[in-house]
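Chemist: Which chain is which? The protein sequence lines are H and D, in order.
Letter by letter, the first sequence follows residues 11 to 379 of this note's numbering.
Letter by letter, the second sequence follows residues 909 to 1231 of this note's numbering.
Let me give you the structure first, and then I'll get to my questions.
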Amino acid sequence: MAAITQPTVTSQVVNTSPFYSYQLRKFAVKSMITMLALILAIAYLLPFVNMGLIAVKSADQITGSTDGNILPLSPETYAYTDAEGKIKSYEIYKIPQADGSVIEMALVKKGRQDSQFIDPANPEAGLMTWTGSWRTLEPVVTLDLHFENFGEAWDLINFPRLFFNTLFIAIAGLIGTLLSCICVAYAFARFPIPGKNVMFLILVGTIILPSQVTLIPTYAFFATIGWTGTWLPLIVPHFFANAYNVFLLRQFFMTLPRELDEAAMIDGAGPFRILLSVIIPQAWPAIISVGLFHFIFAWNDYFGPLIYLIGKPELVPISVGVQVFNFQYGPRPELIQATSLMAMVLPLLIFIFAQKAFMRGVVITGVDK
Amino acid sequence: MSATDQSRAAPFSNPSNPKPLRSNNLAQQQRVWGWIFLSPWLFGFTVFTAIPIFVSLIFTFTEFSLASKAPMRFIGLDNWVKLFNDPVAIGALGVTVKFALIAVPVGIILPLGIAALLNSKNLWGKTLWRPLYYMPYMVPAISSIFIWQSFLNGDTGWLNRVIRAVGIQNPPNWLQDEGSILFAFLLIGVWGIGNAMLTMLATMQGVPTELYEAADVDGAGPLRKFINITFPMISPVIFYNLVLSVIGIMQYFVVPYVVTRGTGNPNGSAYFFNMHLYKTAFTFADMGYGATQAWFIFIIALVLTIGMFATSRRWVYYASGDS
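Written out as structure tokens, the structure is:
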């Protein structure tokens, strides 16, 4: 694309040229804009690549990477069986020859002035001496991926346990928020409640309420009734509606035609029946968005589990569990990156499969205010 | 609204019932149902928002700890006096304000720029880019912190490799140096622009094309069109994101807490107000003083929000009258 861009830029300067054409210029502009988006996207997503590469490195490869190698490479080795039947492994180096060619040989005996090598293709030839410091030689490397990091990290932090905890907290809260928010949004969208507009303003206002201001009494309350150290403070409040979700659902319910409600009412349906058979079947897109938001929120939540599950490592979700792991295994970056990857797989998969519903939800809540 | 529902329903109802009475009755019933459906929020708001805000204010005048059996003691304004004389708290507030001054503008301008780029009619594969730029927003905070810690590592991090490659010999050790740690947090925060970018983009796509066509007739260039049409038309969304971003920074906690392992070091340069609050309330179990800090930040947030709403009249344009 860039190659095509070059000539057209000049043609802008000499736009009397017969080669100057509107289409060509448009093509150039499009290429440049798309290139810009591409370069920015690459820069934006580069940390993922870094993570992916470190996650499959061994500890040696990480130490070795300080000199500039970013790929998980390992020196190629030659396994030699000696006379006593013992297998020894020697690293292979590139040895420049007098005629400019390069041969690859395994380093057997390291020396400062000269080192002894063996030719892997022809071990019977025995040891050969090469004069010069072996440190100046370039090792032969191959791509060597250590997927076992994932298994090690999985066992070390008891990932299945963390995964189950997170999933349980997320799904229980999800049920709560869906039940309560659908009812409350239905009330705001359809019923003649005195003071409804004021209450709706208050509800929307709580979206921008800094959460610290309610934190300590809420914590004290949960501590008094003995709920700290359990999942209840992380789940039960979701059964009492959340402003953001109510707002999203209410905006969506408002767009649904009232005629269907009325028809159902004439047929003798009560408010619950109308909600279940008329409103909910039409509102799936918004309901799915709310479900996704909650799931991602719960997966991400750090502060709640941090304060309510202090001293209960067996109950913590991934967010807090993984961080404890970071404190303990700081010098093992490959395990930390492997864990980061494992912790984000599920939210990312959900996003990839439910992208449309997700982004529509963001737009409803963000744009309508 | 529902009065019309009932009057329409009425002809089908039992004719022996006088119409107005039946209608009143139904309206009454509807109201009761409304309260029933509203009750989860009414309860939740009362128990988890209204009462705690009030109780929190009362706590600011007390000394108590959940860890000890000592009864709650009223100490008047002592906590407030202590707060204004607490150099650590004031330092932490300073860090928070300093970070807000760089993070809020970037948190608006960057998503705005990307949204404008993705909204360009000169971009190929429009639908492809949106999820790509949104995706990092989905990465759990804890994972993104680890990923960036590795990326920003002073020796092996890719950012410093790039910086060295272009010839700058001593790049900062981003997450360890006092002078650069807030910029490093800013970089980590760049992955969080997804929501703002998406709402701005969606609003830009809703701007009527006639406006741009009219500007074309007048010979306006792209920059002029952006300043005079796009910006005013999407100003409500920018305002909304501005408010959310200011409130968000007031609550900034996870990134500095995890990166500095709760210390806020080097030299307190990453010790945010919320970390002090966490330490006071949950490490030292000083609930009264913790509540005072919480109320303090609440008052600041309230003043800022009111200030933003007050100035919004000057630059936020609501097409459909008031909002």
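Beta carbons: idealized from backbone N, C-alpha and C, even for Gly.
Quantities reported herein were computed from a predicted structural model and do not represent experimental measurements.
Please identify, using Cβ separations under 7 Å, the residues of the segment 342–361 of chain H that lie next to chain D, in order along the chain.
Modeler: P343, I346, Q347, S350, A353, M354, P357, L358 and F361
Chemist: With 16 other CB atoms within 10 Å as the buried threshold, where does H/P227 fall?
Modeler: buried
Chemist: Considering only residues of the same chain and omitting the five flanking positions on each side of H/L147, which have a CB-CB separation below 6 Å?
Modeler: Y103
Chemist: Cβ closer than 7 Å: which chain D residues qualify as neighbours of H/N310?
Modeler: P1048 and A1049
Chemist: Within a Cβ cutoff of 6 Å, which residues of the same chain sit near D/W1037, ignoring the five residues on either side of it in sequence?
Modeler: L1026
Chemist: Throw me the rounded Cβ distance for the H/I289 and H/F263 pair, which I believe falls under 8 Å.
Modeler: Yes, they are in contact, since the Cβ atoms of H/I289 and H/F263 sit about 6 Å apart, within 8 Å.
Chemist: By the criterion of Cβ-Cβ separation under 7 Å, what are the contact partners of H/I226 in chain D?
Modeler: S964, F967, A1189, M1195, G1198, A1199 and A1202
Chemist: When burial is assigned at 16 or more other CB atoms within 10 Å of the CB, is H/G321 buried or exposed?
Modeler: With fewer than 16 other Cβ atoms inside 10 Å of its own Cβ, H/G321 counts as exposed.
Chemist: What does D/N1182 touch in chain H if you count any residue whose Cβ is under 8 Å from its own?
Modeler: The answer, in chain order, is Q222.
Chemist: Identify the contact partners of H/V39 in chain D, using a Cβ-Cβ distance below 7 Å as the criterion.
Modeler: N1030
Chemist: Which residue wins for smallest C-alpha separation from H/I360, given the options H/F307, H/R342, H/P315 and H/L244?
Modeler: Ranking H/F307, H/R342, H/P315 and H/L244 by Cα distance to H/I360 puts H/F307 first.
Chemist: When DSSP builds the beta bridges, which residues end up paired with H/Y100?
Modeler: Per DSSP, H/Y88.
Chemist: Give, in chain order, every unbroken run of the alpha helix (DSSP H) that is at least 4 residues long and sits entirely within the segment 242–307 of chain H.
Modeler: Counting only runs of 4 or more, we get 242–245, 253–264, 268–276 and 281–284.
Chemist: Is the shortest distance between the beta-carbon of D/L985 and the beta-carbons of chain H less than 9 Å?
Modeler: Closer than 9 Å: no.
Chemist: What is the residue span of the beta strand (DSSP E) that D/V1098 lies within?
Modeler: Neither: D/V1098 is in no beta strand (DSSP E) and is coded neither H nor E.
Chemist: Does DSSP classify H/K119 as helix, strand or coil?
Modeler: strand
Chemist: Which chain H residues are close to D/F1139, counting only those with a beta carbon under 9 Å from its beta carbon?
Modeler: Near D/F1139 there are no residues of chain H at all, since even the closest Cβ is about 16 Å away, more than 9 Å.
Chemist: Only counting the same chain, and skipping five residues up and downstream in sequence, which positions put a Cβ closer than 6 Å to that of D/F1147?
Modeler: S1220 and V1224
Chemist: Assuming H/D124 is part of the beta strand (DSSP E), what are its boundary residues?
Modeler: D124 to I128
Chemist: Over what stretch of residues does the beta strand (DSSP E) that includes H/T139 continue unbroken?
Modeler: Per DSSP, the continuous beta strand (DSSP E) segment holding H/T139 begins and ends at M138 to T141.
Chemist: Please name the residues in the segment 1086–1112 of chain D whose beta-carbon is closer than 7 Å to at least one beta-carbon of chain H, in chain order.
Modeler: N1103, L1106, T1107, A1110 and T1111
Chemist: Assuming H/L172 and H/P327 form a contact by the criterion Cβ under 8 Å, report the distance between their Cβ atoms to the nearest whole angstrom.
Modeler: 6 Å
Chemist: Could one say the Cβ of D/W988 lies closer than 9 Å to chain H's Cβ atoms, at least one of them?
Modeler: Taking 9 Å as the CB threshold, D/W988 stays off the interface with chain H.
Chemist: According to DSSP, simplified to helix, strand and coil, what is D/L985?
Modeler: coil
Chemist: Which chain C residues sit within Cβ distance under 7 Å of H/V256?
Modeler: Considering every chain present, this structure includes no chain C. Its protein chains are H and D.
Chemist: Does the ligand ATP have a heavy atom nearer than 8 Å to the CB of H/I328?
Modeler: Summarising the ligand content, the structure contains no ligands, and the ligand ATP is consequently not present.
Chemist: Near H/H156, which residues of its chain fall below 8 Å by C-beta distance, leaving aside the five closest residues on each side in sequence?
Modeler: V66, K67, S68, Q71, P82 and E344
Chemist: Looking only at its own chain, which residues have a Cβ that is under 7 Å from the Cβ of H/K366, when we skip the five neighbours before and after it?
Modeler: none
Chemist: In terms of residues, what are the limits of the beta strand (DSSP E) holding D/L1031?
Modeler: Careful: D/L1031 lies outside any beta strand (DSSP E) and carries neither H nor E.
Chemist: How many Å lie between D/D1124 and D/A1104 at the Cα?
Modeler: 28 Å
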